[in-house]
Every structure is written in structure tokens, then in C-alpha cells.
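Numbering (this note's numbering), first residue to last: 1 to 44. Single-structure report; data block below.
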């Protein structure tokens, strides 16, 4: 991608979803909170 700039993750946040579609996709994401107890490198 021309002009793209990539960075390393430094913070972890928690996102919640209000529902799932019939196909199993998550809908309506919203920010819940910052998670300082989790390290960015240990998440997939």
C-alpha cells in the first residue's frame, strides 16, 4: 500500500458488540475500556 505507515501496538482495549448476524458476524461495536492488565504482544 503506497503511503501506508505501520506501527506496533502499545495499548489494549476492550470492545463490546450488541449482536451477531445470522451468519455469525459481530454487529454494532462500541469501545468499552482500556485494558492495562493485558500486554499487546500476547493477543491474537
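Ideal Cβ positions, reconstructed from N, Cα and C, are used throughout, including at glycine. Since we're looking at a predicted model, the values are computed, not measured.
C-alpha gap between residue i and residue j, whole angstroms
i: residue 24; j: residue 44; result: 19 Å
i: residue 1; j: residue 7; result: 14 Å
i: residue 36; j: residue 21; result: 31 Å
Cβ neighbours of residue i in the same chain (closer than 6 Å, five flanking residues each side left out)
i: residue 34; result: 13
i: residue 18; result: 28
7 Å CB neighbourhood of residue i in its chain, flanking five on each side removed
i: residue 31; result: 13 and 15
i: residue 26; result: 17 and 20
Range covered by the beta strand (DSSP E) that runs through residue i
i: residue 31; result: 26-34
i: residue 21; result: No beta strand (DSSP E) contains residue 21, which DSSP labels as neither H nor E.
Sequence-distant residues of the same chain with beta carbon closer than 8 Å to residue i, five excluded per side
i: residue 10; result: 40
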